[in-house]
Amino acid sequence: MSPGAAKVDTRLYFDSLAPGEMVEGEVYITGGDVSQ
96 MSPGAAKVDT RLYFDSLAPG EMVEGEVYIT GGDVSQ
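Mapped onto our numbering, the consecutive letters of the sequence shown carry residue numbers 96 to 131.
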């Protein structure tokens, strides 16, 4: 991953899902490190 790339981590609340089931979880976004 390049130094300026953002990291996206998706964490689901359940280990398995059935077709058509609603997905629940959290998305964590960490910004990259690039001087503007």
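C-beta: ideal position from N, C-alpha, C; glycine also.
Check: Just checking my contact of Ala101 with Gly120 at CB under 8 Å: how many whole Å lie between their CB atoms?
Finding: Position 6 of the sequence shown holds residue 101. Position 25 of the sequence shown holds residue 120. Incorrect: roughly 18 Å between the Cβ atoms, too far for contact.
Margin query: Quick check on the DSSP output: the beta strand (DSSP E) that includes Glu121 runs from which residue to which?
Written below: Within the sequence shown, numbered from 1, the residue matching residue 121 stands at position 26. Per DSSP, Glu121 belongs to the beta strand (DSSP E) from Gly120 to Thr125.
Check: What residue range is occupied by the uninterrupted beta strand (DSSP E) comprising Val103?
Finding: Taking the first residue of the sequence shown as position 1, residue 103 is located at position 8. Element bounds for Val103: Lys102 to Leu107.
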